[in-house]
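Note that this note's numbering has the sequence shown beginning at 5, numbered continuously upward. We put the beta carbon where it would ideally sit given N, CA and C, even for glycine.
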Amino acid sequence: MATRPAIYLSTHYPKAATVTMYRYGDFPELFWDADPAAPLDVEHPVALTRILTRGSMDVLVRLVSPALIARKMPALQLSEPARAFWTRVVAGFPAPGVPSASSPPAGASAS
């Protein structure tokens with residue numbers, strides 16, 4: 005597969021964002037046929053399709069964002085039910101920079 009590394013930037017805690025590099029070998033249940041030492045390229049259509057169709061929710065949230073799914077969806081070979089599901093999932097997320105319904109109002113304390 006490709007050489008771009010999978011880097012997940014955790015934005016759940018903006019003051020302490022972390023960067024983790026994953027390798028195909030970190031997920032043998034998904035990438036049994038890839039070089040285990042190679043950096044995981046989550047933007048590769050085959051890798052992303054496997055994550056979406058075979059990955060657990062834990063793996064999914066660690067590796068991909070709704071924005072990545074939305075951007076790459078047209079190039080993915082997904083069944084119609086899977087495509088319909090992921091289209092609805094992605095549509096349920098607010099656009100980047102747009103506050104969600106669970107976000108506190110501007111100027112309000114999050115505590």
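- DSSP, reduced to helix, strand and coil, places P43 within a strand of the structure shown.
- Contact between T91 and M77 is confirmed by a C-beta separation of about 7 Å, below the 8 Å threshold.
- If you draw a 10 Å sphere on the C-beta of V68, you find 16 or more other C-beta atoms in it, and that means buried.
- About 6 Å separates the Cβ atoms of R27 and A41, confirming a contact at the 8 Å cut-off.
- Between the C-alpha atoms of L44 and F89 there is a straight-line separation of about 24 Å.
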